[in-house]
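Colleague: In order, the protein sequences belong to chains Z and P.
Taking this note's numbering, the leading residue of the first sequence gets 398, the next gets one more, and so forth.
Taking this note's numbering, the leading residue of the second sequence gets 22, the next gets one more, and so forth.
No residue lacks a Cβ here, since even glycine has one placed at the ideal position from N, Cα and C.
Sending over a structure as structure tokens; questions will come in a sec.
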Amino acid sequence: MKNTFTQSMAWLHTWAGLIFGWLLFAIFVTGTLAVFDKELNHWMQAEIPATPVSQAAAAQRAIAYLQAHEPQAGNWGVSLPTERSPGLRVSTGDRRHGGGVQLDPGTGEAIAVRDSVGGNFFFRFHFTLDLPRNWGIFVVGALALVMLAALVTGIVIHKKIFKEFFTFRPNKGQRSWLDFHNASAVLLLPFHLMITYTGLVIFMLIYIPAGVDALFAGDNRAYFQAQGNSRLEQPRGLSKQPAEMVDVAPLLAQAEARLGPIAGFNIRNPNTAGARIEIRPELGNRIALSKGQAMVFDGVSGQLLSDVSEWRAAPLTQRVMVGLHFAQFGGYPMRWLYFVCGVISCVMIASGLVLFCVKRGRKYAAAEVPGHRWYRLAEVCNVGFVAGLLLACVGLLWASRLLPVELAGREAWEVRAFFGLWLLALLHAGIRPPRRAWVEQLGSAALLCIGLVAFGGLEDALRLGVAACALVLGVLLGLVAWRVQYAQPAVRNVKAGRRVEAGA
Amino acid sequence: MSRSPTWLQILSRSSAALLGGYAFSYAATACLARLLPLSPGDAVIVATLPTFIFYTLAILWAFASRDALRAWAPLAVAAPLALVGFWPQALEWLA
């Protein structure tokens, strides 16, 4: 677009960064929060107790409950209590369609738990923007591609990458914002590149199905069969004959010895001669994402019918890349590392957005300058999409606790609260002067974060972690708001100049 | 081309980046999957993993090239690549 290669790359970085940066910020923030999705689920459903109980005992209570209430169902699903998710949930039908009943893991009685989108909302928003799933995947994929292009153009235009890494000039207005944007980008460049690229790899065959089209004539089923992902055939005739089922506890122990911690199990055709017990590992037992893997046992004899498969080098590479994005491995230290890196990514995007306006502020600040209206739009969107989104995210947590428990369609109302708050923040940014809008929105987000502590639940380690993290983030947001309120570099420079004059 | 208005240039280059880039990375992946000496299941994965590198390069090309016509070069390159990738299908279609 411009004369030299560097100039054209800078042009692309600036404009693609501005226009897509607002949504990219939302994707990165919700992705960072989704690192702790299960902890947030637990926080948002206050009724679930955190009783320490062995998985075998919980499994037997779940089966006793299903035996009493759903003996005829074609499929029983059980999610066992784990380190990150202490609830015990049973369901009939398919696991991915949700629903089901929460049981008290200690007694096996059903407990009434409020409906809540939970931390799962952030997870879903992160890869679909809450659009219909297939549309969302493509929109987010396109945004991720822009992110990748912005990272590469950022490297190209940033010539003195090593020297400037050690440069930070605080309290210098535009200079400081640029230094901050550069430092946060360079410091975590490997993370930014890794998280963006592996995010694209998750749905790569949906985005670019060229390989399947060329080698399998576009037949996805043939492709999956070539990967050895064919399912065990269900025994038709046997599933009509009633039969006594085997005890599940020894099978859980056997599976745990082989796979590591267990997330739950399914029993297909329970109480028949064709019963099958499928035991799934937790996702975080290894780096490669083990989604869809299970050990299958005969439900009557307890015999192992099918073990988890070993992956060949190519599928393993893909699964490891996807696993690097899902961040389920390595326990809590790794989770915190991903969270902190994610926060820095968000800060990098936000500082780039702010930099765009700071750079042009002097030129377009006056209302009569041509182009002022566009500048003002960028300014309003910056406040609404950065501070406003943070406000909406913490607002969702408040909604999960404040909405009446018996409200019909409660989950939908939580989502409405999220988007309603976001919209209000955009409107608020439109009618207030920019600096006031920043301070007011960041300040209220900070107060809402700190206020989460008031909802209690502090005797439970997981909920205490959520509250403590919210407290720290709230204090940090408050500091940012305070800084925006009182930092006035332009004015201060004038004053400093006067003082020098007075002294001379 | 240099005399066309700025917004038209931006539109042309953006579509070259988005559509030309898609065609290029699609065709390059198909070609790579066909040529790699691996079993079909592995070849699909190994050929698709680098596809977003191709796409990113095509986007940069679309905005870096000297004139707006050259920005569409990846689309032109996509045709022979796709021909290699879909060679058996092409032969079948001719016969």
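Measuring only the C-alpha atoms, how far is VAL812/Z from GLN442/Z?
Modeller: Computed Cα separation, rounded: 15 Å.
Colleague: Spatial neighbours of GLY516/Z within its chain, please: C-beta separation below 6 Å, excluding the five flanking residues on both sides.
Modeller: Contacts found: ASP434, LEU437 and ASN438.
Colleague: Can you tell me whether ARG492/Z is helix, strand or coil according to DSSP?
Modeller: Note that ARG492/Z scores 49 on pLDDT, short of 50, meaning its location in the model is unreliable; the coordinates nonetheless yield the value given after this. The answer is helix: DSSP assigns ARG492/Z an H, G or I state.
Colleague: Run through DSSP, which three-state label would VAL693/Z get?
Modeller: Note: VAL693/Z maps to strand in three-state DSSP.
Colleague: Would you mind working out which of ARG665/Z, GLN622/Z, VAL693/Z and ARG716/Z sits nearest ARG655/Z, comparing C-alpha positions?
Modeller: Comparing Cα positions, the closest option is VAL693/Z.
Colleague: Considering Cα atoms alone, identify which of ILE828/Z, PHE753/Z and PRO767/Z is closest to TRP412/Z.
Modeller: Minimum Cα distance to TRP412/Z is reached at PHE753/Z.
Colleague: Taking beta-carbon pairs under 9 Å, can you tell me which members of the stretch 693-711 of chain Z lie near chain P?
Modeller: Residues ARG709, ALA710 and ALA711.
Colleague: So, with DSSP's three-state summary, where would you put ARG486/Z?
Modeller: ARG486/Z: strand per DSSP, three-state reduction.
Colleague: At the level of alpha carbons, what is the spacing between LEU90/P and VAL744/Z?
Modeller: Distance between the alpha carbons of LEU90/P and VAL744/Z: 38 Å.
Colleague: By the DSSP assignment, the beta strand (DSSP E) with PHE662/Z in it spans what residues?
Modeller: Counting along the chain, the beta strand (DSSP E) containing PHE662/Z begins and ends at 659-665.
Colleague: Would LEU420/Z pass as a contact of LEU584/Z if the rule is Cβ separation under 7 Å?
Modeller: It is not a contact, given that the beta carbons lie outside the stated cut-off.
Colleague: Can you pull the DSSP bridge partners for ALA37/P?
Modeller: Paired residue(s): none; ALA37/P is not in a bridge.
Colleague: How should VAL802/Z be labelled, buried or exposed, when 16 other C-beta atoms within 10 angstroms of its C-beta is the threshold for buried?
Modeller: Counting Cβ neighbours within 10 Å, VAL802/Z comes out exposed, since fewer than 16 surround it.
Colleague: Does PRO26/P have its Cβ less than 7 Å from a Cβ in chain Z?
Modeller: So no, PRO26/P is outside the interface.
Colleague: Should the stretch 605-612 of chain Z be called in touch with the stretch 40-51 of chain P, which here means at least 3 C-beta pairs below 8 Å?
Modeller: Taking 8 Å as the limit for Cβ pairs, the verdict is that the stretch 40-51 of chain P does touch the stretch 605-612 of chain Z.
Colleague: Give me the Cα-Cα distance between GLY785/Z and LEU855/Z, rounded to the nearest whole angstrom.
Modeller: Roughly 28 Å separates the two Cα atoms.
Colleague: Between which two residues does the alpha helix (DSSP H) holding TRP771/Z run?
Modeller: Residues 769-779.
Colleague: Hey, how far is the Cα of PRO830/Z from the Cα of PRO95/P?
Modeller: Taking the straight line joining both Cα atoms gives about 46 Å.
Colleague: Between GLY671/Z, ALA834/Z and LEU787/Z, which lies nearest to VAL426/Z when the distance is taken from Cα to Cα?
Modeller: Taking only the C-alpha atoms, the option nearest VAL426/Z is LEU787/Z.
Colleague: Using a Cβ-Cβ cut-off of less than 8 Å, give me the residues of the stretch 65-87 of chain P that come near chain Z, in sequence order.
Modeller: Going along the stretch 65-87 of chain P in chain order, one finds VAL65, ILE66, VAL67, ALA68, THR69, LEU70, THR72, PHE73, TYR76, THR77, ILE80, LEU81, PHE84 and ALA85 with a Cβ nearer than 8 Å to chain Z.
Colleague: Which residues in chain Z sit within 7 Å of ALA51/P, going by Cβ to Cβ distance?
Modeller: ALA607, GLY608, ASP610 and ALA611, listed in chain order.
Colleague: For VAL770/Z and VAL863/Z, what's the separation of their Cα atoms in angstroms?
Modeller: Rather than Val, the amino acid found at residue 770/Z in this sequence is Arg. Roughly 41 Å between the two C-alpha positions.
Colleague: Any beta carbon from chain P within less than 7 Å of LYS556/Z's own beta carbon?
Modeller: So no, LYS556/Z is outside the interface.
Colleague: Counting contacts by CB-CB distance shorter than 7 Å, is PRO95/P in contact with chain Z?
Modeller: No - not a single Cβ of chain Z is within 7 Å of the one on PRO95/P.
Colleague: ILE416/Z by DSSP, collapsed to three states: which one?
Modeller: If DSSP states are grouped into helix, strand and coil, ILE416/Z belongs with the helices.
Colleague: Give the list of continuous beta strand (DSSP E) stretches no shorter than 3 residues that lie fully inside the stretch 404-477 of chain Z.
Modeller: Segments of the beta strand (DSSP E) lying fully in the stretch 404-477 of chain Z: 472-476.
Colleague: Between VAL549/Z and VAL740/Z, what straight-line distance do the alpha-carbon atoms span, to the nearest angstrom?
Modeller: When rounded, the distance between both Cα atoms is 20 Å.
Colleague: Does the beta carbon of ARG55/P sit closer than 7 Å to a beta carbon anywhere in chain Z?
Modeller: Output row for ARG55/P: interface = yes.
Colleague: Does DSSP classify GLU803/Z as helix, strand or coil?
Modeller: GLU803/Z: coil per DSSP, three-state reduction.
Colleague: Below 8 Å on the Cβ atoms is my contact criterion, and I expect GLN622/Z with THR669/Z to pass it. Report the Cβ-Cβ distance as a whole number of Å.
Modeller: Incorrect: roughly 28 Å between the Cβ atoms, too far for contact.
Colleague: Just to confirm before moving on: does the CB-CB distance between PHE736/Z and ILE684/Z stay below 7 Å?
Modeller: No, Cβ-Cβ distance for PHE736/Z and ILE684/Z is not below 7 Å.
Colleague: For ALA809/Z, which of helix, strand or coil comes out of DSSP?
Modeller: Helix.
Colleague: Does the structure place the stretch 693-707 of chain Z close enough to the stretch 665-682 of chain Z that three or more beta carbon pairs sit under 8 Å?
Modeller: With a cut-off of 8 Å, the stretch 693-707 of chain Z and the stretch 665-682 of chain Z count as touching, because enough Cβ pairs lie within range.
Colleague: Which stretch, first to last residue, makes up the beta strand (DSSP E) that contains GLU675/Z?
Modeller: Start and end: 673-678.
Colleague: Let's test the definition: count the other Cβ atoms within 10 Å of the Cβ of HIS494/Z and tell me whether it reaches 16, buried, or not, exposed.
Modeller: Note that HIS494/Z has pLDDT 49, beneath the 50 cutoff, so the model's placement of it is unreliable and no number is given.
Colleague: Tell me, which residues are paired with LEU701/Z by DSSP?
Modeller: PHE694/Z.
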